Amino acid sequence: DAGVTQSPTHLIKTRGQHVTLRCSPISGHKSVSWYQQVLGQGPQFIFQYYEKEERGRGNFPDRFSARQFPNYSSELNVNALLLGDSALYLCASSLSAGVETQYFGPGTRLLVL
Amino acid sequence: AQSVTQLDSHVSVSEGTPVLLRCNYSSSYSPSLFWYVQHPNKGLQLLLKYTSAATLVKGINGFEAEFKKSETSFHLTKPSAHMSDAAEYFCVVILSGGYQKVTFGIGTKLQVIP
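Chains as they are written, first to last, in the working numbering: chain A, 10 to 122; chain B, 53 to 166.
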């Protein structure tokens, strides 16, 4: 079975641009969470979506937004990119929105110049 | 509010000796606690989780952790380190009461010396 997939794997953008990252969960999983991992630090929670509704949010500015589609895939959007947004963006899927085991994708590495 | 403190950023052990990775948490409510491992250039993998059942939790690859409420700790241990255990380990606390909040620790890099 396919695990969590993310696209693209790598991305280079310039300051002020907008980026969209995509995630497909494991088949049967209805919840997707997004994390930002800056080099040398632990992942920071951005959002959790379940059944297309936001069920959790971390301390990120409104430049960060996400949505979940009927097939449970998800997009993370970041507007007005800053240099500090350079990071590995991880997506994780789980069966539901409760305290479930999360299965992580390989991540999208974003570099903002 | 909740927080996770991993007390050591780096731990170095000799192969075959015990491993102890320390984690303390702070939470207003009863948390669920996890340990994840991240090998270089690989995704995060769940080692074990505590969700208010038995306080001693056994995970994969011989790891285990004990939830101690009085000490607000959830330390990860393994009796005998293997070279393949070299990786970064993250302690995670999750509060879920309708609206979920997930907090990762900063990570502990485990080095295993042959």
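Ideal Cβ positions, reconstructed from N, Cα and C, are used throughout, including at glycine.
Since this is a predicted model, take the numbers as computed values, not measurements.
Taking the beta carbon of serine 84/B as reference, the chain A residues within 8 angstroms of it are Val108, listed in sequence order. At a Cβ-Cβ threshold of 8 angstroms, phenylalanine 142/B and glycine 114/B do not count as neighbours. Look at glutamine 77/A: its C-beta is not under 8 angstroms from any C-beta on chain B.
For the pair of segments examined, the region 97-114 of chain A was found to touch the region 38-47 of chain A: the number of CB pairs separated by less than 8 angstroms reaches three. In the three-state reduction of the DSSP assignment, asparagine 68/A falls in the coil class, being assigned neither a helical nor a strand state.
When DSSP reads this structure, histidine 127/B sits in a beta bridge with Glu118/B. When the alpha-carbon of tyrosine 58/A is set against those of Ser82/A, Lys22/A and Gln50/A, the nearest one is in Ser82/A. Boundaries of the beta strand (DSSP E) around valine 56/B: 54-58. Annotated three-state conformation of asparagine 80/A is coil, per DSSP. With 16 or more neighbouring CB atoms inside 10 Å of its own CB, serine 33/A falls in the buried class. Contacts between glutamine 57/A and chain B, judged by CB atoms closer than 7 angstroms, involve Gln152 in chain order. Secondary structure at asparagine 76/B: strand, using DSSP grouped into helix, strand and coil.
Look at proline 70/A: its C-beta is not under 8 angstroms from any C-beta on chain B. For leucine 92/A, the secondary structure class from DSSP, reduced to helix, strand or coil, is helix. In this chain, the beta strand (DSSP E) harbouring threonine 160/B covers 160-165. Of the residues Ser122/B, Glu140/B, Ala117/B and Ser125/B, the one whose Cα lies closest to the Cα of proline 131/B is Ala117/B.
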